[in-house]
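Following: one structure in C-alpha cells, then a few remarks.
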Amino acid sequence: MIQLRPTDVAHRGEAVARLDGKAHFVAGAMPGELVEGEVVRDKGSWARVELTRVLEPSPQRVEPPCPHFADCGGCQWQFAAYEAQRDWKQTIVAGQLRHLGGIADPPVRATLTTGDPYGYRNRMDFAVTFGRPALRRRRSRDTVPIDECHLMHPALADLFGRLGPLGDARGITLRVGTATGETLAVVSGDLPDGAEGWGCGVVHRTPDGLLPVVGDGVLHEEAAGFRFRITGDAFFQNNTPGAGALVALVREALRPEPDDTLMDGYAGGGLFGVGVGRDAGRVIAVEADETAAVDFAHNAGRAGIEHRLFNVDFATGLSAVRDPWDLAVVDPPRDGLGAAGVDGVAACEPRRIAYVSCDPASLARDARGLAERGYLLEWAAPVDLFPQTFHVETVASFVRT
Numbered sequence: 393m394i395q396l397r398p399t400d401v402a403h404r405g406e407a408v409a410r411l412d413g414k415a416h417f418v419a420g421a422m423p424g425e426l427v428e429g430e431v432v433r434d435k436g437s438w439a440r441v442e443l444t445r446v447l448e449p450s451p452q453r454v455e456p457p458c459p460h461f462a463d464c465g466g467c468q469w470q471f472a473a474y475e476a477q478r479d480w481k482q483t484i485v486a487g488q489l490r491h492l493g494g495i496a497d498p499p500v501r502a503t504l505t506t507g508d509p510y511g512y513r514n515r516m517d518f519a520v521t522f523g524r525p526a527l528r529r530r531r532s533r534d535t536v537p538i539d540e541c542h543l544m545h546p547a548l549a550d551l552f553g554r555l556g557p558l559g560d561a562r563g564i565t566l567r568v569g570t571a572t573g574e575t576l577a578v579v580s581g582d583l584p585d586g587a588e589g590w591g592c593g594v595v596h597r598t599p600d601g602l603l604p605v606v607g608d609g610v611l612h613e614e615a616a617g618f619r620f621r622i623t624g625d626a627f628f629q630n631n632t633p634g635a636g637a638l639v640a641l642v643r644e645a646l647r648p649e650p651d652d653t654l655m656d657g658y659a660g661g662g663l664f665g666v667g668v669g670r671d672a673g674r675v676i677a678v679e680a681d682e683t684a685a686v687d688f689a690h691n692a693g694r695a696g697i698e699h700r701l702f703n704v705d706f707a708t709g710l711s712a713v714r715d716p717w718d719l720a721v722v723d724p725p726r727d728g729l730g731a732a733g734v735d736g737v738a739a740c741e742p743r744r745i746a747y748v749s750c751d752p753a754s755l756a757r758d759a760r761g762l763a764e765r766g767y768l769l770e771w772a773a774p775v776d777l778f779p780q781t782f783h784v785e786t787v788a789s790f791v792r793t
C-alpha cells in the first residue's frame with residue numbers, strides 16, 4: 393500500500409499524484425485528498441493505483457446517489473460536487489491544448505453548464521445480460537445489469553421501467569425527444585416478447601437494416617429553434633439543452649453572413665448545418681452515414697436551407713467536393729480530424745472554422761495541425777454535456793491569420 397496526495401485530474405478523469413517523480417493515476421480520488429491505494433499496473437514512468445481508502449477527504453466529496461456507481465462504468469465522478477467537476481473539465485481542456493497543442497497560454501473559457509447534472513440524457517445504449525439492460529463494468533469489458541440510471545431523462549426512466557424481460561436481445565437503445573415527448577426503442581438481436589406493449593416506437597435492427605415494428609421508426613426533437621427528424625439510432629447530441637448551447641457557440645465562432653457558403657463536416661442530421669446554416673447563404677454538408685444523411689436532407693429541406701449533400705467519408709471523400717466554402721464547422725468522432733481531415737477542412741482557406749470536439753486530446757492535436765496551416769485558436773469553450781463523467785464537449789473557434 394502507498395499513500396498519495398493528488399494535485400490534478402488527468403485527461404481520462406483520474407486524479408494524478410507524483411511520488412518520487414513518477415505519475416500515479418488514481419480513479420475515484422480528488423485533488424488535495426490524502427488517499428491510500430495499491431499499485432495495480434507499473435509502466436516505469438507512470439503507475440495506476442487502485443484506491444482503497446480516502447484518509448483525508450476533500451470538502452467537495454459527496455455521496456454518489458446511484459446504487460450501481462461502485463460497479464457501473466457509465467459514470468466516473470458522482471463522488472465529486474458538481475462545481476469541482478466543471479473546474480476539472482476546464483483544466484483538462486487547457487492542459488491538453490498546452491501539452492499536445494503547443495499553445496503556451498490556451499484561451500479556455502469556464503465550463504458552460506446546460507441544465508441539471510442528472511436526468512439529462514435523451515439516449516441510452518444498453519447491452520443485454522441475462523435478459524436485463526446492462527452497462528459496461530468499471531474498467532472492464534464485462535457488463536453489469538442495472539435497475540436504474542440517474543443520468544436518464546425522466547421520460548427514458550419511465551420507458552426503462554416498462555421494458556420487462558428482454559429475452560435473447562443483444563442490445564437496446566432507448567431515445568426520447570425531450571421537447572416532443574416521443575420515445576423510441578431500437579433492439580438488436582431477438583425482439584423481446586411484449587415489445588409492442590412498451591408504449592413507444594420500436595425498431596428492430598436486422599442484417600438487412602432497421603425494420604420498424606411499432607410506428608415509423610423515427611422520432612423528433614427540437615433544438616436551436618428547429619424541429620429535427622432522427623431515424624432509428626442515427627446520431628444526435630445526447631443532451632438536448634446542450635445541443636442548443638453548441639449551436640449558439642458555433643454561430644458565435646463563425647459569424648456567418650448571408651452570402652457565405654458554410655461547409656458542415658460530419659453533418660449528422662443537421663444540427664449545425666440547419667441551426668447555423670440559416671444565417672448563411674448556402675450549406676455544403678458532408679456525412680458518411682446514409683441514415684443520417686437522409687435525415688439531413690429532410691431537416692434542411694424542411695427549414696428551407698439551400699444545401700448540397702455529399703454522402704461520403706469526410707477524410708477520404710472531401711476531395712470530391714469541388715465547391716469552395718467561406719466558413720466551416722466540423723464535429724468529428726473521438727479520434728478527431730487527423731492530418732487528412734485538417735488538410736481537407738483548410739483546403740479552401742475558410743476565414744473561420746468552428747471545431748466541435750468530444751475529446752480534448754484529439755482537439756489539441758488538430759489545433760496544432762490547424763496552426764501549421766495558418767489558423768489561430770481564438771477561444772475554446774468547454775460545454776458540460778455529460779455531467780458525472782469525465783467526458784467534455786468543446787467548441788473551439790479558429791480564425792485564419
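Position in the sequence shown counted from 1, then plus 392, gives you the numbering used here.
Ideal Cβ placement from N, Cα and C applies to all residues, glycine included.
Since the model is a prediction, treat every value here as computed from it, not as a measurement.
Using C-beta distances below 7 Å, list every residue in its chain close to residue i, excluding the 5 sequence neighbours before and after it, in chain order.
i: Asp-727; result: Ser-754
i: Gly-573; result: Ala-547
i: Gly-556; result: Gly-586
Taking 6 Å as the line, does the beta carbon of residue i fall inside it for any heavy atom of the ligand HEM?
i: Arg-647; result: The model on display carries no ligand, and the ligand HEM is accordingly not part of it.
Taking C-alpha atoms, which residue in the options lies nearest to residue i?
i: Val-605; options: Ala-615, Asn-630, Glu-614 and Val-578; result: Val-578
i: Lys-414; options: Arg-404, Pro-398, Gly-405 and Glu-574; result: Pro-398
i: Ile-745; options: Met-393, Glu-764, Val-642 and Glu-430; result: Val-642
i: Pro-537; options: Val-668, His-545 and Ala-526; result: Ala-526
i: Gln-482; options: Val-668, Asn-631 and Thr-505; result: Thr-505
i: Ile-358; options: Gly-736, Leu-583, Leu-411 and Thr-570; result: As displayed, the chain neither begins before 393 nor continues past 793, which places residue 358 out of reach and without an answer.
i: Asp-560; options: His-491, Ser-450 and Asp-585; result: Asp-585
i: Gly-591; options: Arg-554, Gly-581, Gly-569 and Phe-627; result: Arg-554
i: Ala-571; options: Arg-530, Gly-556 and Thr-632; result: Thr-632
i: Asp-400; options: Ala-739, Gln-477 and Pro-459; result: Gln-477
i: Gly-662; options: Val-713, Phe-618, Pro-650 and Gly-673; result: Phe-618
For residue i, I'd like the list of residues in its chain whose CB is within less than 6 Å of its CB, leaving aside the five on either flank, ordered along the chain.
i: Met-655; result: Ile-676, Trp-717 and Ala-720
i: Ala-616; result: Gly-636, Val-639 and Gly-667
i: Leu-729; result: Asp-758
i: Arg-760; result: Gly-493 and Gly-494
i: Gly-736; result: Leu-710
i: Arg-765; result: Ala-738
Using a Cβ-Cβ cutoff of less than 8 Å, which residues in the same chain neighbour residue i once the five nearest sequence positions on both sides are dropped?
i: Tyr-510; result: Pro-457, His-542, Leu-543, Pro-779 and Gln-780
i: Ala-587; result: Ala-577, Val-579, Val-594, Val-605 and Val-606
i: Glu-682; result: Asn-703
Using the beta-carbon count (16 or more within 10 Å), is residue i buried or exposed?
i: Glu-540; result: exposed
i: Pro-752; result: buried
i: Phe-522; result: exposed
i: Glu-448; result: exposed
i: Ser-532; result: exposed
i: Gly-669; result: buried
i: Val-393; result: Residue 393 is actually Met in this sequence, not Val. The residue in question, Met-393, is exposed, as its Cβ has fewer than 16 Cβ neighbours within 10 Å.
i: Arg-567; result: buried
i: Gln-629; result: buried
i: Asp-723; result: buried
i: His-596; result: buried
i: Ser-437; result: exposed
i: Val-432; result: exposed
i: Ala-707; result: buried
i: Ala-502; result: exposed
Taking the beta strand (DSSP E) that residue i falls in, what are its first and last residues?
i: Arg-410; result: 407–411
i: Phe-790; result: 785–792
i: Pro-725; result: Unbroken run through Pro-725: none, as it is neither H nor E.
i: Trp-438; result: 438–448
i: Val-500; result: That residue, Val-500, is in no beta strand (DSSP E); it is neither H nor E in DSSP.
i: Leu-654; result: 653–657
i: Phe-518; result: 515–521
i: Pro-774; result: 767–776
i: Phe-702; result: 699–702
i: Asp-687; result: Segment 682–694 is the alpha helix (DSSP H) holding Asp-687; no beta strand (DSSP E) there.
i: Gly-593; result: 593–598
i: Leu-543; result: Here Leu-543 belongs to no beta strand (DSSP E), and DSSP marks it neither H nor E.
How is the alpha helix (DSSP H) around residue i delimited, first residue to last?
i: Phe-628; result: Where Phe-628 is concerned, there is no enclosing alpha helix (DSSP H), given that its DSSP letter is neither H nor E.
i: Pro-752; result: 752–764
i: Leu-489; result: 474–491
i: Phe-664; result: 663–667
i: Thr-506; result: Here Thr-506 belongs to no alpha helix (DSSP H), and DSSP marks it neither H nor E.
i: Asp-434; result: Element bounds for Asp-434: not the alpha helix (DSSP H) but the beta strand (DSSP E), 426–434.
Can you grab the Cα-Cα spacing for the pair residue i / residue j, in whole Å?
i: Asp-652; j: Ser-711; result: 20 Å
i: Gly-420; j: Arg-513; result: 23 Å
i: Asp-625; j: Asp-517; result: 9 Å
i: Leu-769; j: Ala-788; result: 7 Å
i: Gly-466; j: Phe-782; result: 10 Å
i: Asp-796; j: Ala-756; result: No answer is possible for residue 796: the residues shown for the chain start at 393 and end at 793.
i: Phe-417; j: Gly-487; result: 16 Å
i: Val-748; j: Gly-696; result: 24 Å
i: Leu-551; j: Arg-528; result: 21 Å
i: Thr-444; j: Pro-423; result: 16 Å
i: Arg-490; j: Val-408; result: 17 Å
i: His-545; j: Ala-519; result: 19 Å
Does the beta carbon of residue i come closer than 7 Å to any beta carbon on chain E?
i: Phe-522; result: In the displayed structure, chain E is absent; only one protein chain is listed.
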